[in-house]
Amino acid sequence: MPVISTAGLARTFQTKRGPVEAVRGIDLTVRPGEILGFLGPNGAGKTTTLRMLTTLLAPTGGAATVAGCDLARDPEGVRRKIGYVAQSGGTDPSVSVREELVTQGRMYRLGKAEAAARAEELAADLGLSELLDRKCGALSGGQRRRLDIAMGLTHRPVVLFLDEPTTGLDPGSRAELWDLIRRLRDGQGMTVFLTTHYLDEAEALADRLVVVDRGTVVAEGTAAALKAQYGGSPEATLQDAFIAITGRRTAEPDTAPIAV
Amino acid sequence: MSHLFSDTALIFGRYLRQALDSKVGVVFGLLQPMFYLIFFGPLLRDVPLGGEGDSWQTLVPGLLIQLGLFSAAFAGFGILLEKQVGVIERMRVTPVSRLALLLGRALKDVVLLLVQSLLLVLVAVALGLRAPVLGVVVGFLFVGLLTISLASLSYALAMRVDGPQGFAPVISTVNMPAMLLSGILLPMALAPGWLDAVSRCVPFRYLVDAVRAAYVGDFGWDTVGVGALVGLALCAVSMTVGTRVFRKAGA
Ligand SMILES: Nc1ncnc2c1ncn2[C@@H]1O[C@H](COP(=O)(O)OP(=O)(O)OP(=O)(O)O)[C@@H](O)[C@H]1O
Ligand SMILES: [Mg+2]
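Protein chains in written order, with the numbering used here: chain Z, 1 to 260; chain B, 1 to 251.
Below, the structure written as structure tokens:
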């Protein structure tokens, strides 16, 4: 039984300049305990797909089940089981780190004492213990990113969605985060669905890669398989394969229709 | 449903704490009505205002509704900022009750408005206002009803627009005529027929009339009763709109 499965998942935005087909039909499955790397060039539709899978955005087509709950019929069920770390974070700069972590716990219905204890525990796990009483606005970019991730782990989700989790992290923090993600998967069997633009990260961390371009899946498989199939030579890098798969990215007309 | 109460309390606590942290905000919202009270109120002392009671009993109810009208209508500004930093989506991805996200915030506004109203009335008493205690209490109830209605609408609008440029002009454009047409500074009893007729289409007018009646000890059906009906209807419509917008997935 896959923990995520989607069929023809699509989203079109209506804008003043006409419809924008951000996601045109995504079919994919993710096995429990898998770390899935979701790759694609800027504007490919990664964030839009994640926002649909996390109930934030209603699909305009297709269907999906996440952690055993149907996205359209039981969004509540999905929310209880998933964690989401958005590309641009989600903490209030004027609120303290501790308050954000405790509030997050309370929103996942932990009791007061439980939420306070969980905040300490998460802070320790993500190296934020010294910073608990600081305002979120007074954190460095990397510290804030670690806080965002702690927020997503509050309720020990079955599936964790991470949108570019390591953007802005120094190499040390990045390696620590990779370790943490592996520990979560090995220890709790957590499924991790993550997007990244760092191909070394995708290769080191993900069990399997799904490449999207212009709103559809254009390739999938292990890093080794993609390199062998698209890279052209046995010593090809993932970068070579990625460029072969998504092609150009120069002077491509925008996907949005031009209003005349 | 079972979590509505605790979720609302959680959201309410978060935003009340934030509001009280910035004491400037509490005082700032009060400045405009205070100025009217102190610098404009004394001018009315001997002017015939066409109603029962003295000039304070006419002006203070108007200022209370004005306070509600302006503070509550701009409540959505906070959400615009929170949307920008991703707090709204982060909350919407948790199981927290959608209605609680609205109610908790709107109830925070009610509490703040009641504190501000109390301060306004105390200053008015110092300046010479005399009104039955029951009337003053009824006035606060109307302020609460108005606040929860307008704050809900304001939050709903803020959820739907892209940024402050889509928000502030709408609120200002609605608020200014609404304020003048509900007879906040001078009662509509002074108005020519056509103006009086137009003002009868503005729901806030009935709230102002009701509070003015309560301030002179008149709790009749045709004043306080009508005001209560209009206020409750406004509240029902606003809460319905607000709940709809908060339930729906993000735009
Ligand atoms: N609310 C919206 N309204 C209109 N168009 C949108 C909206 N959100 C996203 N888009 C468009 O949909 C497309 C996909 O965007 P999305 O954010 O999913 O890309 P992405 O793969 O996450 O890119 P990146 O790697 O840059 O984060 C883009 O062309 C984007 O401009
Ligand atoms: Mg993105």
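Glycine included, each C-beta is placed from N, C-alpha and C at the ideal position.
Computed from a prediction, not measured in an experiment: that's the story for all the values here.
Which residue wins for smallest C-alpha separation from residue i, given the options the options?
i: V266 of chain B; options: Z:G89, Z:V85, Z:A113, Z:V78; result: Examination of residue 266 of chain B is not possible in this model, given that chain B is present from 1 through 251 alone.
i: A64 of chain Z; options: Z:T6, Z:G33, Z:K46; result: Z:T6
i: G135 of chain B; options: B:F74, B:T147, B:L146, B:V121; result: B:V121
i: G78 of chain B; options: B:S22, B:L49, B:P61; result: B:S22
i: L209 of chain Z; options: Z:F242, Z:L110, Z:A175; result: Z:F242
i: L150 of chain B; options: B:M34, B:G50, B:L234; result: B:L234
i: L190 of chain B; options: B:E52, B:Y15, B:E82; result: B:E52
i: K108 of chain B; options: B:G139, B:Y155, B:R212; result: B:Y155
i: D179 of chain Z; options: Z:Y198, Z:L205, Z:P75; result: Z:L205
i: R98 of chain B; options: B:L4, B:L186, B:A210, B:L81; result: B:L4
i: V138 of chain B; options: B:S6, B:G76, B:L64; result: B:L64
i: M239 of chain B; options: B:L102, B:D222, B:F40; result: B:L102
i: V102 of chain Z; options: Z:L50, Z:R134, Z:A117; result: Z:A117
i: G68 of chain B; options: B:Y15, B:R90, B:S152, B:T8; result: B:S152
Can you tell me the Cβ-Cβ gap for residue i and residue j, rounded? I've got them flagged as a contact below 8 angstroms.
i: G247 of chain Z; j: D240 of chain Z; result: Contact flag wrong, Cβ pair sits at about 12 angstroms.
i: G10 of chain B; j: L119 of chain B; result: The question names Gly, yet the displayed sequence has Leu at residue 10 of chain B. That belief does not hold up - the Cβ atoms of L10 of chain B and L119 of chain B are roughly 28 angstroms apart, past 8 angstroms.
i: A223 of chain Z; j: E203 of chain Z; result: 4 angstroms
i: A67 of chain Z; j: V159 of chain Z; result: 5 angstroms
i: G215 of chain Z; j: E21 of chain Z; result: 6 angstroms
i: R105 of chain B; j: L56 of chain Z; result: Going by Cβ atoms, the distance from R105 of chain B to L56 of chain Z rounds to 19 angstroms, so no, they are not a contact pair.
i: Q32 of chain B; j: F70 of chain B; result: 7 angstroms
i: V237 of chain B; j: G62 of chain B; result: Going by Cβ atoms, the distance from V237 of chain B to G62 of chain B rounds to 23 angstroms, so no, they are not a contact pair.
i: V211 of chain Z; j: I181 of chain Z; result: With 8 angstroms as the limit, V211 of chain Z and I181 of chain Z do not qualify as a contact, their Cβ atoms being about 20 angstroms apart.
i: G25 of chain Z; j: G40 of chain Z; result: Actually they do not touch by this definition, with Cβ atoms about 14 angstroms apart.
i: L147 of chain Z; j: L194 of chain Z; result: 17 angstroms between Cβ atoms; not a contact.
i: G262 of chain Z; j: V85 of chain Z; result: The structure shown does not extend to residue 262 of chain Z, since chain Z is modelled only from 1 to 260, so the question has no answer here.
i: I35 of chain Z; j: R185 of chain Z; result: 6 angstroms
i: L132 of chain Z; j: Q143 of chain Z; result: At roughly 11 angstroms, the Cβ-Cβ gap does not stay under 8 angstroms, so L132 of chain Z and Q143 of chain Z are not in contact.
What three-state label does DSSP hand residue i in the structure shown?
i: V95 of chain Z; result: coil
i: F13 of chain Z; result: strand
i: S182 of chain B; result: coil
i: G83 of chain Z; result: strand
i: T243 of chain B; result: helix
i: A123 of chain Z; result: helix
i: K112 of chain Z; result: helix
i: S5 of chain Z; result: strand
i: G77 of chain Z; result: helix
i: E235 of chain Z; result: coil
i: D240 of chain Z; result: helix
i: T222 of chain Z; result: coil
i: C235 of chain B; result: helix
i: E252 of chain Z; result: Unreliable positioning characterises E252 of chain Z in this predicted model, as indicated by a pLDDT of 44, which lies under 50. The coordinate reading is nonetheless provided below. The answer is coil: DSSP assigns E252 of chain Z none of H, G, I, E or B.
i: V202 of chain B; result: coil
i: D70 of chain Z; result: strand
i: L4 of chain B; result: helix
i: A64 of chain Z; result: strand
i: V216 of chain B; result: coil
i: K108 of chain B; result: helix
i: G247 of chain Z; result: coil
i: K248 of chain B; result: coil
i: V137 of chain B; result: helix
i: G144 of chain B; result: helix
i: L127 of chain B; result: helix
i: V27 of chain B; result: helix
i: V226 of chain B; result: helix
i: V217 of chain Z; result: strand
i: M34 of chain B; result: helix
Closer than 7 angstroms by beta-carbon distance: list the chain D residues that pair up with residue i, in chain order.
i: R92 of chain B; result: Judged by its chain identifiers, the structure shown contains no chain D, and its protein chains are Z and B.
>> As an exercise, report each continuous beta strand (DSSP E) stretch of at least 3 residues that is fully enclosed by the stretch 149–212 of chain Z, in chain order.
In response: 159–163, 191–195
> Which ranges does the alpha helix (DSSP H) cover as unbroken runs of at least 4 residues, wholly within the stretch 16–59 of chain Z, from first to last along the chain?
Replying inline: 46–53
>> Ignoring anything shorter than 4 residues, give me the alpha helix (DSSP H) runs that lie fully in the stretch 47–104 of chain B, in order along the chain.
In response: Correct list: 55–73, 77–84, 87–92.
>> Under 8 angstroms, with one C-beta from each stretch per pair, do the stretch 127–136 of chain B and the stretch 49–56 of chain B reach the 3-pair mark?
In response: Three or more beta-carbon pairs separated by less than 8 angstroms link the stretch 127–136 of chain B to the stretch 49–56 of chain B, which places the two stretches in contact.
> Should the stretch 230–249 of chain B be called in touch with the stretch 163–174 of chain B, which here means at least 3 C-beta pairs below 8 angstroms?
Replying inline: no
>> When you compare the stretch 194–204 of chain B with the stretch 169–181 of chain B, are there three or more beta-carbon pairs, one atom per stretch, that lie closer than 8 angstroms?
In response: yes
> Three or more beta-carbon pairs under 8 angstroms between the stretch 139–150 of chain B and the stretch 107–119 of chain B, yes or no?
Replying inline: yes
>> Across the stretch 116–126 of chain Z and the stretch 184–191 of chain Z, are there enough close Cβ pairs to call them in contact, namely three or more that are closer than 8 angstroms?
In response: Touching, no.
> Given 8 angstroms as the limit, is there contact between the stretch 109–117 of chain Z and the stretch 156–174 of chain Z, that is, 3 or more CB pairs closer than that?
Replying inline: no
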